[in-house]
Amino acid sequence: MPELIVYRSNALMSVRSRFDATRDVVMPANLAYPEGMVGLWHSGLPQVSLVPSTATDAQVWPVMSAVGTRIHDTSDDNCPINTGWSYVGGNHGYNVGNQIVVANHGKTTADVGSQWSDGTRIFTLLAVTNASSLLFGNPYTVVDGIAQGARVKPTGPLTHVSGATNRTTVPITGLTPDVQIRPATHSHTVAVELDGRPVPDGRSTGLELVIRESYLIPTYQGMIDTARANVGTPIATIMPRIPSLCRIANVYRWSPGGGLLVTQTVTALTRFTLNAGVTQCTPLTPVTGGSRRQFMPNVGVAGGLNWSVWANIDTLPALTDFTPATLTDRTMPASSMTQWVVSSGGVQQWGIAVGLLPVADGVPTVRARYTTAKSWFISSSLKKNYPQLVWGRTLAAGESVTGTAYRRYLAPPSTATELVVSAGDDDFVVIERVGAVAQAELAAPQLFHRLLVPVGPTNLTVPDRVTVAGVPYSVPVSPGYGMWRADPDEALPQSLPGAYRTRGGYFLVRSGPTVESTCTGAYQRLLLHPFFLAEPVPVDRACVEVTRVGTGVLRHGVYAHDPATGRPTLLGPVADFGTVVVTTVGVKESVLGAPVLLPAGWHWYGQVWQVSGVTAPTVRAGGGGCATVLNLGSTAAAMTGDRFGYEATAVTGALGAITIGGVHQFPPPQVAYRRA
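End of the sequence shown sits at 678 in the numbering used here; the numbers just go up one at a time, nothing left out.
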């Protein structure tokens with residue numbers, strides 16, 4: 003069964019495709035999951051399930067029979083956004099309501115929108131949920147022009163302030179705080195196509211199922227103000243009158259083999275702060291006596307677990323944030339994970355791979371600017387396994403954020419996650435492997451002779467192009483991982499001057515005349531110089547030349563370029579090459595334990611004299627000018643004299659996060675690399 007089978011009845015759908023040689027995977031979709039949102043759950047298929055490929059249509063639709071094995075609860079996986087104080091959208095409402103149980107309270111729709119006080123704060127009656135229950139909206143505050151709801155509960159009985167017909171005081175003995183206020187969305191639209199055609203009720207087959215939806219989220223301030231201005235009118239009946247916070251546009255794409263691609267665009271309609279992750283993943287359904295194990299590329303220890311091996315997520319003690327400090331390469335935010343259910347004997351049962359693709363705002367250099375607090379988190383309940391596209395980014399009205407995430411169910415036995423993920427015009431190769439291997443290969447005949455361009459956290463060396471058999475790789479030191487974009491092999495109009503495509507060959511980053519530059523006054527000053535490469539290049543050695551001896555050592559490395567500031571990224575280096583001695587003259591070579599990928603475009607080479615500041619060494623440097631713009635700061639005083647780059651002071655050990663301290667006058671060192 004190379005195609006999809008789509009079953010539909012009005013808003014409910016099930017999507018069936020091949021899982022392995024004997025089983026199919028069946029995934030639910032719901033076009034009217036609470037409040038009209040698209041959801042990944044319906045009552046006839048409570049979980050993503052595996053069924054024998056011989057199972058009949060009647061056994062899987064409209065209700066999954068006992069023939070199915072449940073493997074994944076996706077009922078909470080349609081992704082909301084977060085405003086910094088509440089989740090909203092998807093199947094969420096603003097969580098700043100107080101539900102109060104009062105038997106025979108006597109209030110009616112005529113009282114909706116009235117205001118009540120606990121003696122300190124004003125609460126707004128938003129709904130008479132039944133004859134014994136009332137829902138109050140909490141007050142809001144406005145900070146720096148952005149309204150925020152307050153997660154507070156009344157401290158005493160609520161007395162009438164204005165608007166109510168029934169003004170009887172409301173006791174708070176039956177109070178439930180932090181209740182989600184619904185509805186919190188409106189103007190929902192949805193369209194469904196299978197291979198570009200509408201999907202009728204019944205059974206259909208095709209290669210790609212696409213569901214597109216959009217909806218508006220009102221501002222919380224607008225909800226409260228509109229309710230107060232329209233006493234006696236339920237908010238649900240006048241949602242379009244409420245000022246809008248943002249528009250959400252989601253696209254869900256199912257493909258054969260258990261693949262789902264989700265694209266989310268959030269467009270601000272008023273200024274607000276956004277946290278968003280495109281996709282969230284409830285943990286897989288375990289087997290009795292078994293456990294769930296998860297690996298994350300470029301991540302070390304977080305939450306007491308080591309994610310560079312198969313971490314047992316069932317032992318995760320608390321909410322865990324994956325911050326830059328938990329990353330091997332701080333410039334590459336956590337972007338993917340592989341999770342497996344294993345039996346008590348360690349035998350794989352079923353798996354899932356989830357990740358953000360490096361497109362739009364998911365490009366690592368963009369994400370690194372907006373996920374300094376966290377690039378991924380896992381809740382203590384494991385309910386959310388959640389990449390973050392942005393965290394704490396303030397959007398002005400009209401600004402948008404867009405990201406695309408993949409989800410793929412995995413069949414055992416599996417020693418590695420090896421995927422080809424297609425998104426629009428781009429194809430991506432993903433390899434994640436725990437455990438060393440001398441030689442392995444990802445089969446990708448459809449990408450033959452495509453160029454492989456690294457675009458995510460990568461520590462593997464692969465060929466420049468996809469071979470006829472696929473993508474060969476090895477993992478000398480576990481773990482191994484990488485993400486590449488497979489570009490069409492378009493011939494360059496002419497060869498690049500200064501070729502660096504020969505593996506094992508050395509090349510200069512800058513050519514031209516040289517001078518000698520003495521490090522006088524540069525002790526413990528990290529001097530950063532802009533260098534440019536037309537293509538990404540893996541290197542395994544970095545060389546500088548000492549022309550006159552000194553004391554101490556020279557430490558050197560590379561920082562990525564932040565296009566938003568025009569300066570080096572501050573989180574940490576792409577690579578710390580370590581130190582070279584300066585007590586003898588000659589070419590000094592740093593041999594890297596693993597190849598480092600120098601990015602295409604601009605990067606910042608850094609060099610710092612350390613350990614002993616008695617005698618300044620002299621190094622070979624470029625005698626040409628530095629053809630780039632430098633920000634001098636708040637005055638023009640720094641324009642006098644030669645200026646070649648930025649500096650950070652008090653750098654005494656390994657390279658790490660930095661603070662730019664100004665511009666410097668040292669010419670760029672002569673640097674040679676060996677291509678890996």
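Even for Gly, the Cβ is constructed at its ideal location relative to N, Cα and C.
In the three-state scheme derived from DSSP, where H, G and I count as helix and E and B as strand, P242 is classed as helix. The C-alpha of V172 lies about 45 angstroms from the C-alpha of V264. Annotation: the continuous beta strand (DSSP E) that includes G664 extends over 664-666. Rounded to the nearest angstrom, the Cβ distance from A407 to G347 is 32 angstroms, too far for a contact under 8 angstroms.
Within the segment 35-59, the complete beta strand (DSSP E) segments of 3 residues or longer fall at 39-41, 50-54, listed in chain order. Shown here, R369 sits in a helix according to DSSP, grouped into three states. Closest option to G198, judged by alpha-carbon separation, among V546, H190, V212: V212.
Separation of G643 and T516 (C-alpha to C-alpha, rounded to the nearest whole angstrom) is 19 angstroms.
For L634, the secondary structure class from DSSP, reduced to helix, strand or coil, is coil.
For Y96, the pairing in a beta bridge is given by DSSP as I183. Residues of the same chain with a CB within less than 8 angstroms of the CB of G625, apart from the 5 flanking positions on each side, are G514, P515, T516, V517, P669 in chain order. By the CB criterion at 7 angstroms, L14 and H44 fall inside the cutoff. Close CB contacts of I660 within its chain, under the 6 angstroms cut and outside five residues either way in sequence, are with L572, A650 (chain order).
When rounded, the separation of the alpha-carbon atoms in A446 and D542 is 27 angstroms. A Cβ-Cβ contact shorter than 7 angstroms links I73 with T287.
When DSSP reads this structure, T122 sits in no beta bridge, so it has no partner. Counting only residues of its own chain and dropping the five nearest sequence neighbours on each side, S402 has a CB closer than 8 angstroms to the CB of T267, V268, T269, A270. Per the C-alpha coordinates, the member of V253, D491, A370 positioned closest to A193 is V253. Burial check for P619: the Cβ neighbour count within 10 Å reaches 16 or more, so the residue is buried. Here P335 is buried. Its C-beta has 16 or more other C-beta atoms within 10 Å.
Apart from the 5 residues on each side of it in sequence, V439 sits with its Cβ closer than 7 angstroms to the Cβ of S476, V477 in its chain, given in chain order. In terms of Cα proximity to S636, the closest of V665, V673, M66, V311 is V665. Per DSSP, Y142 is one residue of the beta strand (DSSP E) stretching across 142-145. The alpha-carbon separation between L657 and G580 amounts to approximately 9 angstroms. In the assembly as shown, F21 is a buried residue. Its beta-carbon has 16 or more other beta-carbons within 10 Å. DSSP places T228 inside the alpha helix (DSSP H), whose first and last residues are 222-231. Using a Cβ distance threshold of 7 angstroms, V479 and W312 do not count as a contacting pair. DSSP, reduced to helix, strand and coil, places T170 outside both helices and strands of the structure shown, so it counts as coil.
Membership of N12 in any beta strand (DSSP E) is not indicated, and neither H nor E is assigned to it by DSSP.
Pairwise C-beta distances place the segment 411-425 out of contact with the segment 288-296, as fewer than three of them are shorter than 8 angstroms. The segment 146-154 and the segment 71-91 touch, with three or more beta-carbon pairs separated by less than 8 angstroms. Apart from sequence neighbours up to five positions away, the residues of its chain that approach G663 with a beta-carbon distance below 6 angstroms are E649, A650, T651, ordered along the chain. Residues of the same chain with a CB within less than 6 angstroms of the CB of R10, apart from the 5 flanking positions on each side, are V201, D203 in chain order. Beta-bridge analysis with DSSP links H190 to no other residue. The C-alpha of Y502 is placed about 56 angstroms away from the C-alpha of Y222. In the DSSP annotation of this structure, the continuous segment of the beta strand (DSSP E) that includes I380 starts and ends at 378-380.
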